Amino acid sequence: MRSAAGGERLAAWPPVNIPLASRLFVERRDEGDSALDRWASGWWLSRPTSKAQAMRRQQRFVAQVVALGETLHSLPQAELLAQARAAAERAFVTTQPEAGVRALALVREAARRTLGLLAYPPQIYGAWMLVSGHLIELDTGEGKTLTAALGACVGALAGVPTHVITVNDYLAQRDAQKMSALFSYLGLRVGVVHSGVAQALRHVAYAQDLTYCTNKDVVFDYLRDRVNARGVHSRAQLTVRRLHGQVHSQEPLRLRGLHFAIVDEADSILIDEARTPLILSAAREAGEEARAYEHLLSVAASLKAGQHYRLIEPHRQPELKDEGRAVLEDLAREMAAEVEHGDAAPDALMGFWRVAWVREHYILQALRALHVFKRDQQYVVHEGKIVIVDEFTGRLLPDRSWEQGLHQLVEVKEGCKISGQNRTLARLTYQTFFARYLRLSGMSGTLREVARETAGVFKVRTVRIEPNRPSRRVTLSPLLLPDQPAKHQAIVADVRERLAAGQSVLVGTRSVRASEEISAALNAAGVPHQVLNARQNADEAELVARAGQPGMVTVATNMAGRGTDIPVAPEVLARGGLHVVLTEWHESPRIDRQLVGRGARQGEPGSCRTIVALDDELIDKHGGTTLKMLQARYGDGPWPAQAMAWLQKAAQGAAESHNAAQRRQTLKADHRMRTQLAFSGATE
Numbered sequence: 026m027r028s029a030a031g032g033e034r035l036a037a038w039p040p041v042n043i044p045l046a047s048r049l050f051v052e053r054r055d056e057g058d059s060a061l062d063r064w065a066s067g068w069w070l071s072r073p074t075s076k077a078q079a080m081r082r083q084q085r086f087v088a089q090v091v092a093l094g095e096t097l098h099s100l101p102q103a104e105l106l107a108q109a110r111a112a113a114e115r116a117f118v119t120t121q122p123e124a125g126v127r128a129l130a131l132v133r134e135a136a137r138r139t140l141g142l143l144a145y146p147p148q149i150y151g152a153w154m155l156v157s158g159h160l161i162e163l164d165t166g167e168g169k170t171l172t173a174a175l176g177a178c179v180g181a182l183a184g185v186p187t188h189v190i191t192v193n194d195y196l197a198q199r200d201a202q203k204m205s206a207l208f209s210y211l212g213l214r215v216g217v218v219h220s221g222v223a224q225a226l227r228h229v230a231y232a233q234d235l236t237y238c239t240n241k242d243v244v245f246d247y248l249r250d251r252v253n254a255r256g257v258h259s260r261a262q263l264t265v266r267r268l269h270g271q272v273h274s275q276e277p278l279r280l281r282g283l284h285f286a287i288v289d290e291a292d293s294i295l296i297d298e299a300r301t302p303l304i305l306s307a308a309r310e311a312g313e314e315a316r317a318y319e320h321l322l323s324v325a326a327s328l329k330a331g332q333h334y335r336l337i338e339p340h341r342q343p344e345l346k347d348e349g350r351a352v353l354e355d356l357a358r359e360m361a362a363e364v365e366h367g368d369a370a371p372d373a374l375m376g377f378w379r380v381a382w383v384r385e386h387y388i389l390q391a392l393r394a395l396h397v398f399k400r401d402q403q404y405v406v407h408e409g410k411i412v413i414v415d416e417f418t419g420r421l422l423p424d425r426s427w428e429q430g431l432h433q434l435v436e437v438k439e440g441c442k443i444s445g446q447n448r449t450l451a452r453l454t455y456q457t458f459f460a461r462y463l464r465l466s467g468m469s470g471t472l473r474e475v476a477r478e479t480a481g482v483f484k485v486r487t488v489r490i491e492p493n494r495p496s497r498r499v500t501l502s503p504l505l506l507p508d509q510p511a512k513h514q515a516i517v518a519d520v521r522e523r524l525a526a527g528q529s530v531l532v533g534t535r536s537v538r539a540s541e542e543i544s545a546a547l548n549a550a551g552v553p554h555q556v557l558n559a560r561q562n563a564d565e566a567e568l569v570a571r572a573g574q575p576g577m578v579t580v581a582t583n584m585a586g587r588g589t590d591i592p593v594a595p596e597v598l599a600r601g602g603l604h605v606v607l608t609e610w611h612e613s614p615r616i617d618r619q620l621v622g623r624g625a626r627q628g629e630p631g632s633c634r635t636i637v638a639l640d641d642e643l644i645d646k647h648g649g650t651t652l653k654m655l656q657a658r659y660g661d662g663p664w665p666a667q668a669m670a671w672l673q674k675a676a677q678g679a680a681e682s683h684n685a686a687q688r689r690q691t692l693k694a695d696h697r698m699r700t701q702l703a704f705s706g707a708t709e
């Protein structure tokens, strides 16, 4: 909390159940919940509530905020600020609705004066749910940027270090800039952390009243702090950290604790990305290992599918057969004999071949590099380097690499300069990290499908916020085609039809390769368009701004999905609004809904259509018996809408089930790893 003199005090925050020794760096203690604990929490916190009762509660709260707001128009700025600080402190600590009414009314009035935006009822109630520690499902287009800003203002005015966390650099910078006038009016200092911010300056950004940052940046900065401080559990080291701001490495430590987080696109960060642990590592030179990777890849390329290994569906994971193991054992013996006769192989090469499980592991990694990881899907080659593409956002991840030799093997495959294997310094999952915030909240347009899982892992309830205006989206009949060429023809025909009607069109794809294939089909048909993907992202803001203009066609990966607000020209709205084409089902229906939600926002007109093919990746991997049964009945089509719905539900259900199992396994492995490190005295 903030005292009258402007300093910090922690008398009321954090809560009393946080050990005093931990208050030097405040975070929630790991509970070590069992699977049964998580199931019980998920069931209890996600149990349904009466929609009528929830609406009455929302309407009552909003009505009180609006009524109080009418009395604040003439309040001087100094008085408004003084009242806002007092009201925010009480509201944040007590989370009582009557306290929240006053705090939200004052902050809403400040937004009206500075931004010219008078928060709508869903934004008012949504902000209060964030302050009180809930996840909120707020439909796309309902103004999550302002909602998060109102909630963040209450937290920051209460003197609680507040993090607004989103999925990419563009959104972090955009949202902080859009809301800057509001923060300045309330006397709040704002920091922004993204990939372009130098490491030496990050502690300054986190020291502000509130900080906008990306999910990966805040986790890696947290891990760097733990490495520099050699763990946050040493009271002596934390005292040094608090007094001097530097420990061991002479590098300023960044974070002040994990107090209050508002997570934008919460399902993407807390669920979709939870399968992958975040690993802080130090790079090493490749040296003699380069030749070893080349040799491993050549050996893997010589193995025959079906004879030496098999690819296990649905994700084509390689598995060695006995014949393959025998081949590797023979090669290892030959190499050992050459060494005995003086034809010494490099130590790095022999290091991969001496032990059976080591050589088998790296050959499996080589098989993954050859047969599972595909260029322009999981990665691109950019300026002679392998750059990973985020499968959920479609964006490049230049600062990430695959571990255990996989990245180097892909480099060999693509003829790139081989980098050294990284040495792991610390690791953590998003699930573990975000569960450590004393108060966690978040928002997304697609949360209800994962409400039980988020409740079980993070102990937070999901609340549905009804839209300010009913949706006017027109959903056109879906199309299922036999193959990719037929699908591309149907997409071109649909785009032409929508352009003739006067609409602008957004064509959504799952990968860079798919976006370029559809772009080629549009070029062949003479349809002008723009492409937004991981290769062509330099003018992202400009491309998005033009996407809703008359006659515009935009082909985009998931970069145009979450968090993207496409302004639609009035003349386009008069002719039906933005038309969205979904060209492939994603593994989660939530991502489909995010893409469709780019159009028909805030009660505007808009339309959408799904055009998929039987050889799409998701259907091929997860269609299973449902696909075979429906193909036997309907052949290559046309299929009725109900049959398509069955296939979609079966394929996405199988994919979601597999991904959920991976998340549970990742969480279990992370807990086991932390237990081992705690026993050894090492850092995470």
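Just so you know, we're using the numbering used here here: the sequence shown kicks off at 26 and counts up by one.
All C-beta atoms in this analysis are idealised placements derived from N, C-alpha and C, irrespective of residue type, glycine included.
Model, not experiment: these values are computed from the prediction.
Exercise for the section: Taking F285 as the reference, give the member of G180, A679 and R486 with the closest Cα. Expected result: Residue numbering aside, residue 285 sits at position 260 when the sequence shown is read from its first letter. Nearest option by C-alpha distance: G180.
Practice task
Would you tell me roughly how many angstroms separate the C-alpha atoms of A135 and L207, rounded to the nearest one?
Solution key: Working through the sequence shown from its first residue, we reach residue 135 at position 110. Working through the sequence shown from its first residue, we reach residue 207 at position 182. Roughly 6 Å separates the two Cα atoms.
Problem - Among F117, T608 and A451, nearest to L465 - alpha-carbon criterion - result: The residue given as residue 465 occupies position 440 in the sequence shown. The candidate whose alpha carbon is nearest that of L465 is F117.
Problem - CA-to-CA distance, V397 to R341, given in whole angstroms - result: Within the sequence shown, the letter at position 316 stands for residue 341. Within the sequence shown, the letter at position 372 stands for residue 397. Their Cα atoms are separated by approximately 6 Å.
Exercise for the section: Taking all protein chains shown into account, decide if H159 is buried (16 or more other Cβ within 10 angstroms of its Cβ) or exposed. Expected result: Stepping through the sequence shown from its first residue, residue 159 is reached at position 134. With 16 or more other Cβ atoms within 10 Å, it is buried.
Problem - Alpha carbon of R393 to alpha carbon of V324, nearest angstrom - result: Locating residue 393 in the sequence shown gives position 368, where the first residue counts as 1. Locating residue 324 in the sequence shown gives position 299, where the first residue counts as 1. Looking at the two C-alpha atoms, the distance is approximately 13 Å.
Exercise for the section: May I have the straight-line CA-CA distance separating S66 from D401, to the nearest angstrom? Expected result: For the purposes of this step, residue 66 is taken as the residue at position 41 of the sequence shown. For the purposes of this step, residue 401 is taken as the residue at position 376 of the sequence shown. Cα to Cα, S66 sits roughly 40 Å from D401.
Handout entry: Spatial distance of T120 from P492 (CA atoms)
Key = Counting from one through the sequence shown, the residue named residue 120 turns up at place 95. Counting from one through the sequence shown, the residue named residue 492 turns up at place 467. Roughly 24 Å between the two C-alpha positions.
Practice task
Go ahead and label K442 buried or exposed: buried means 16 or more other beta carbons lie within 10 angstroms of its beta carbon, across all protein chains shown.
Solution key: Start at 1 with the first residue of the sequence shown, and residue 442 comes out as number 417. Exposed is the call here.
Practice task
Write down the C-beta distance between Y231 and G216 rounded to the nearest angstrom, noting that I regard them as a contact closer than 8 Å.
Solution key: For the purposes of this step, residue 231 is taken as the residue at position 206 of the sequence shown. For the purposes of this step, residue 216 is taken as the residue at position 191 of the sequence shown. Rounded, the Cβ-Cβ distance is 6 Å, consistent with contact.
Exercise for the section: Please decide whether R316 counts as near chain C, where near means a Cβ-Cβ distance under 8 Å. Expected result: The structure shown contains no chain C; it is built from a single protein chain.
Exercise for the section: Take the Cβ of E290 as the centre, count every other Cβ of all protein chains shown within 10 Å, and call the residue buried at 16 or more, exposed below. Expected result: Stepping through the sequence shown from its first residue, residue 290 is reached at position 265. Burial call: buried.
Handout entry: Minimum length 4: unbroken alpha helix (DSSP H) runs contained in the region 536-622
Key = 537-549, 565-571, 595-598 and 614-621
Exercise for the section: Give the secondary structure of R497 by DSSP, where H, G and I count as helix, E and B as strand, and everything else as coil. Expected result: In the sequence shown, residue 497 corresponds to position 472, counting from 1. Strand at R497.
Problem - Under the three-state DSSP convention, the category V185 falls into - result: Along the sequence shown, read from residue 1 onward, the residue named residue 185 stands at position 160. Coil.
Handout entry: A326 classed as buried or exposed, judged by whether at least 16 other C-beta atoms fall within 10 angstroms
Key = Locating residue 326 in the sequence shown gives position 301, where the first residue counts as 1. With fewer than 16 other Cβ atoms within 10 Å, it is exposed.
Handout entry: CA-to-CA distance, E95 to L12, given in whole angstroms
Key = Here the chain has residues from 26 to 709 only, and residue 12 is not among them.
Practice task
List the residues that DSSP assigns as beta-bridge partners of M468.
Solution key: Against the sequence shown, residue 468 aligns to sequence position 443. The partner list for M468 (beta bridge, DSSP) reads I161 and D289.
Practice task
Using DSSP bridges, identify the partner residues of Y237.
Solution key: Walking along the sequence shown from the start, residue 237 turns up at place 212. Beta-bridge pairing links Y237 to V189 and V217.
Handout entry: Simplified DSSP assignment, three categories, for Q509
Key = Numbered from 1 along the sequence shown, position 484 holds the residue referred to as residue 509. The answer is helix: DSSP assigns Q509 an H, G or I state.
Handout entry: Where the beta strand (DSSP E) through R489 begins and ends
Key = Taking the sequence shown and counting its residues from 1, the one referred to as residue 489 is at position 464. Counting along the chain, the beta strand (DSSP E) containing R489 begins and ends at T487 to I490.
Handout entry: Span separating the alpha-carbon of G445 from that of Y318
Key = As a first step, residue 445 is located in the sequence shown; it is residue number 420 there, counting from the start. As a first step, residue 318 is located in the sequence shown; it is residue number 293 there, counting from the start. Spanning the two alpha carbons is a distance of roughly 11 Å.
Handout entry: Same chain, Cβ closer than 7 Å to P147, five either side skipped, listed in chain order
Key = As a first step, residue 147 must be located in the sequence shown, where it is residue number 122. Answer for P147: L163, E167, I490, E491, P492 and N493, listed in chain order.
Practice task
Would you tell me roughly how many angstroms separate the C-alpha atoms of E541 and A177, rounded to the nearest one?
Solution key: By one-based count along the sequence shown, residue 541 stands at place 516. By one-based count along the sequence shown, residue 177 stands at place 152. Looking at the two C-alpha atoms, the distance is approximately 40 Å.
Practice task
Could you check the C-alpha separation between L280 and R85 for me, to the nearest Å?
Solution key: Indexing the sequence shown from 1 puts residue 280 at position 255. Indexing the sequence shown from 1 puts residue 85 at position 60. Each residue's Cα considered, the two are about 38 Å apart.
Handout entry: I644 vs L672 beta-carbon contact at 8 Å
Key = Residue numbering aside, residue 644 sits at position 619 when the sequence shown is read from its first letter. Residue numbering aside, residue 672 sits at position 647 when the sequence shown is read from its first letter. Yes, the Cβ-Cβ distance between I644 and L672 is below 8 Å.
Handout entry: L226 classed as buried or exposed, judged by whether at least 16 other C-beta atoms fall within 10 angstroms
Key = Along the sequence shown, one-based indexing puts residue 226 at 201. The residue is exposed, with fewer than 16 neighbouring Cβ atoms inside 10 Å.
Exercise for the section: Check each candidate in A666, L129 and T608 and name the one with the smallest Cα separation from D640. Expected result: As a first step, residue 640 must be located in the sequence shown, where it is residue number 615. The shortest C-alpha separation from D640 is found at T608.
Problem - Buried versus exposed, by CB contacts within 10 Å (16 or more), R300 - result: Along the sequence shown, one-based indexing puts residue 300 at 275. When all chains shown are included, R300 counts as buried.
Practice task
Compute the distance between the beta-carbons of S529 and V597, then report whether it is under 8 Å.
Solution key: Within the sequence shown, numbered from 1, the residue matching residue 529 stands at position 504. Within the sequence shown, numbered from 1, the residue matching residue 597 stands at position 572. In contact: S529 and V597 (Cβ atoms closer than 8 Å).
Problem - 8 Å Cβ cutoff met for V244 and Y455 - result: In the sequence shown, residue 244 corresponds to position 219, counting from 1. In the sequence shown, residue 455 corresponds to position 430, counting from 1. Closer than 8 Å, so yes.
Problem - C-alpha gap between A546 and L472, whole angstroms - result: Here residue 546 corresponds to residue number 521 of the sequence shown, with the count starting at 1. Here residue 472 corresponds to residue number 447 of the sequence shown, with the count starting at 1. Cα to Cα, the separation comes out at about 35 Å.
Problem - 8 Å Cβ shell around H407 - same chain, five flanking residues per side excluded - result: Position 382 of the sequence shown holds residue 407. Excluding sequence neighbours, H407 sits near L421, P423 and R560.
Exercise for the section: Could you please give the first and the last residue of the uninterrupted alpha helix (DSSP H) stretch that includes K410? Expected result: Stepping through the sequence shown from its first residue, residue 410 is reached at position 385. Element bounds for K410: not the alpha helix (DSSP H) but the beta strand (DSSP E), K410 to V414.
Handout entry: Reference C502, options L182, Q677, S632 and P186, closest by Cα
Key = Working through the sequence shown from its first residue, we reach residue 502 at position 477. Per the sequence presented here, residue 502 reads as Ser, with Cys not at that position. Nearest C-alpha to S502: S632.
Practice task
Using only alpha-carbon positions, find the residue among E338, Y210 and Q332 that is nearest to L345.
Solution key: Here residue 345 is taken as the residue at index 320 of the sequence shown, counted from 1. Considering only alpha carbons, the answer is Q332.
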